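Residue numbers (my numbering): -7 to 214.
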């Protein structure tokens, strides 16, 4: 009855959803621009870190294109309070990864943190919800507060490649090193562009005794 007054609309296309559809409609679900990186020998995400950092495994769920479906979904996740988008897409991706036994060897999942100032402004960290969805389907523990961002950085959006690397150098701290020592850690972010943020985080995790690090994102910028 409530749907007559407050229709359940798709986060992707804005159309009304039918019974059984969750967050996005079936049409948008089918048309999600999946990368399939985890199924291919050539993995663009892993190649971003080649020669820079020993990354065990890597993947991104969706291609991120200007004005595309992924941008629409991530924009709502980050700026419109639609936290359920992150958990839903993370769960879908985790289910697909689990079917191929990808990331099976991972021990714990850590979302990339926001600086406390930005967290207060936004009210939540979008990567926490992506990681939560992954944790459910991959059956792994998620630790949102294991890492902190000690420096507030300016937005990466309009920066050149070398500026992105400089902007995130030495900005993270591990709060509980004993909890990651000897473990295989999966780091989760919303979007990968150059990989600078993930590399900075992965480096500090390895420096604090993690055995291996893998990386994953919801979107992969093209």
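We put the CB at the ideal spot given by N, CA and C, even for glycine.
Remember, it's a predicted structure, so these values are computed and weren't measured experimentally.
Integer Cβ distance of residue i from residue j, believed to fall under 8 Å
i, j, result
"residue 47", "residue 41", "5 Å"
"residue 50", "residue 207", "5 Å"
"residue 104", "residue 181", "4 Å"
Cα-Cα separation between residue i and residue j, rounded to whole angstroms
i, j, result
"residue 131", "residue 101", "10 Å"
"residue 32", "residue 128", "24 Å"
"residue 204", "residue 98", "9 Å"
"residue 168", "residue 176", "15 Å"
"residue 12", "residue 23", "18 Å"
"residue 193", "residue 166", "9 Å"
"residue 90", "residue 81", "14 Å"
"residue 211", "residue 92", "20 Å"
"residue 29", "residue 209", "11 Å"
"residue 5", "residue 71", "17 Å"
"residue 108", "residue 164", "12 Å"
"residue 139", "residue 95", "20 Å"
"residue 1", "residue 10", "9 Å"
"residue 21", "residue 84", "10 Å"
"residue 189", "residue 17", "32 Å"
"residue 197", "residue 35", "22 Å"
"residue 191", "residue 214", "19 Å"
"residue 114", "residue 55", "25 Å"
"residue -5", "residue 133", "Caution applies to residue -5, whose pLDDT of 48 falls short of 50 and renders its modelled position unreliable; the value that the coordinates give is listed next. Their backbone Cα atoms lie some 35 Å apart in a straight line."
"residue 185", "residue 68", "19 Å"
Chain B within 9 Å of residue i, Cβ atoms only
i, result
"residue 33", "No chain B is present in this structure, which holds just one protein chain."
Beta-ladder partner(s) of residue i, from DSSP
i, result
"residue 211", "54 and 183"
"residue 133", "100"
"residue 16", "14"
Pair within 9 Å by beta-carbon distance, residue i and residue j
i, j, result
"residue 58", "residue 118", "no"
"residue 79", "residue 116", "no"
"residue 86", "residue 43", "no"
"residue 25", "residue 60", "yes"
Residue span of the alpha helix (DSSP H) that contains residue i, given as start and end
i, result
"residue 37", "36 to 40"
"residue 10", "Unbroken run through residue 10: none, as it is neither H nor E."
"residue 169", "169 to 172"
"residue 77", "75 to 91"
Run of the beta strand (DSSP E) containing residue i, from where it starts to where it stops
i, result
"residue 126", "Residue 126 -> not in any beta strand (DSSP E); alpha helix (DSSP H) instead, spanning 118 to 130."
"residue 192", "No beta strand (DSSP E) contains residue 192, which is instead part of the alpha helix (DSSP H) from 188 to 199."
"residue 217", "Past the edges of the chain, shown from -7 to 214, lies residue 217, and the structure says nothing about it."
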